[in-house]
Amino acid sequence: MQNRAALYLILAATAFSPDASAHQPVLNSIERYCAKTWQRAHVSPQDRYDCTQAVFAELLHRLEQEQWGTALSEETSDERRELNRAVWCVLQRWRRTRSYSDLPEESILSSSQEQVCETLEEQRDLLRQFLPELSERQQIILNETIQGATTQQIAETLQTTASIVSDEKYKAIRKLKSKVASMGQV
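Numbering (our numbering), first residue to last: 24 to 209.
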């Protein structure tokens, strides 16, 4: 995601214009428009600011600054279409980013088991001993997920659909959870 550079660029561009204060309400309106969009699209709160700044950067390429007000006020205008495209592009980019929060070892081990395993490597070692009980395809999916690949990337590698990969990952995690739970000592 693009960072604050877009906002600084916008502020610099508007600060030196004769009607700088006139641009502020438009910037605020676009920011509110983005905030509502991110909330409806379930963009994680920590990413919303960066996504909004990325929209501003997209708008700098797509529209003249004087057209931004029209993008908000006229729903059927070409300018509004460009605003929506900018928001959609940023949203799609956000959705394609890798998510490391759903690594299998984090979703398989209970919090008490995580406390016994002092390091992430110990957690992975514990899970590795049960990997042979999974199908080869499930092993590939979990290994690719641990490496940071998205469901779509794994699907392309395995020449299947993302929903099948997601289903296989769910089944593998469920199987590992039951094995770890039955182990009892960890």
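Ideal placement from N, C-alpha and C gives every residue a C-beta, glycine not left out.
Computed from a predicted model, the values in this text were never measured in an experiment.
The alpha-carbon of Lys-192 is positioned some 11 Å away from that of Ala-178. Note on Glu-102: 16 or more other CB atoms within 10 angstroms of its CB, so buried under the neighbour-count rule. Counting only residues of its own chain and dropping the five nearest sequence neighbours on each side, Gln-162 has a CB closer than 7 Å to the CB of Leu-154.
Of the candidates Leu-82, Leu-199, Glu-54, Arg-151, the residue whose Cα lies closest to the Cα of Arg-71 is Glu-54. Here Ala-195 is near Leu-157, since their CB atoms are less than 7 Å apart. Remark: C-beta atoms of Thr-60 and Val-113 do not approach each other more closely than 7 Å.
In chain order, Leu-114 place their CB closer than 6 Å to the CB of Ala-64, counting only its own chain and leaving out the 5 sequence neighbours on each side. In this model, Leu-165 and Thr-120 are separated by some 18 Å (Cα to Cα). If you ignore the 5 residues before and after Thr-93, its C-beta comes within less than 7 Å of the C-beta of Ser-100, Glu-102, all in its own chain and listed in chain order.
The Cβ atoms of Glu-105 and Arg-118 lie no closer than 7 Å to each other. Counting along the chain, His-65 sits inside no alpha helix (DSSP H), nor does DSSP assign it H or E at all.
Collapsing the DSSP output to three states places Leu-165 in a helix.
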